[in-house]
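**Student:** Residue numbers (this note's numbering): -6 to 128. Supplied in structure tokens, the structure appears directly below.
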Amino acid sequence: MFKVTRVDHIGIAVKDLEAAKKFYEEVLGLKSAGDEVVEEQKVRVCFFPCGDSELELLESTSPDGPIAKHIERSGEGIQHVALRVDNIENALATLKEKGVRLIDEKPRYGAGAASIAFIHPKATGGILMELSERK
Ligand code: ZN
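The following block contains the structure:
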């Protein structure tokens, strides 16, 4: 079994991270937790903590990365919703057992040293959903 404990973050695809950050910092007054490049996902991310949750800005580091493709298809904006789970291995095993279509059957590295895995939008009613476990 597993438990969803909160909305961990909302992932927002942007073309230009530096330009996008200005809105969050200067207009909303949020403080960035710093940038990180996740090579495997061809992405540069910046988290903005917001109470119990965070906003994750994602900029592609390559024209063939998943964020670049998302922006090509749907434009900038919300790309995924991430739920915090207490045990990602158990969560994936349970979802698999229930026949839920997964993008990742095994957890992989996510920004901020989280263990993450994606559930296919076809299984969630159209939302790319990330599961995230943080130590
Ligand atoms: Zn994310």
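Don't be surprised by glycine CBs; every beta carbon is placed ideally from N, CA and C. The structure presented is a predicted model; accordingly, all values stated were derived computationally and were not measured.
Restricting to Cα atoms, I'd like to know which of 48, -1, 32 and -2 is closest to residue 21.
**Tutor:** It is 48.
**Student:** Where do the ends of the beta strand (DSSP E) carrying residue 18 lie?
**Tutor:** First-last for residue 18: undefined, no H or E at that position.
**Student:** Just the Cα atoms here: how many angstroms apart are residue 118 and residue 94?
**Tutor:** Those two C-alpha atoms are separated by around 12 angstroms.
**Student:** May I ask you to check if the CB of residue 27 is nearer than 7 angstroms to at least one heavy atom of the ligand ZN?
**Tutor:** Answer for residue 27: no, Cβ out of range of the ligand ZN.
**Student:** With a threshold of 7 angstroms, establish whether the CB of residue 63 neighbours any heavy atom of the ligand ZN.
**Tutor:** For the ligand ZN, not one heavy atom lies less than 7 angstroms from the Cβ of residue 63.
**Student:** Taking a contact to mean a Cβ-Cβ separation below 8 angstroms, would you say residue 5 touches residue 70 in this structure?
**Tutor:** In this structure, residue 70 lies closer than 8 angstroms to residue 5 by Cβ.
**Student:** Distance check for residue 113 and residue -2, CA to CA, integer angstroms please.
**Tutor:** Those two C-alpha atoms are separated by around 20 angstroms.
**Student:** Determine, using beta-carbon pairs with one atom in the region 40 to 56 and one in the region 80 to 93, whether at least three such pairs fall under 8 angstroms.
**Tutor:** Contact between the region 40 to 56 and the region 80 to 93 is absent, because fewer than three Cβ pairs lie under 8 angstroms.
**Student:** Under 8 angstroms, with one C-beta from each stretch per pair, do the region 10 to 25 and the region 100 to 107 reach the 3-pair mark?
**Tutor:** Output reads no: the region 100 to 107 does not touch the region 10 to 25.
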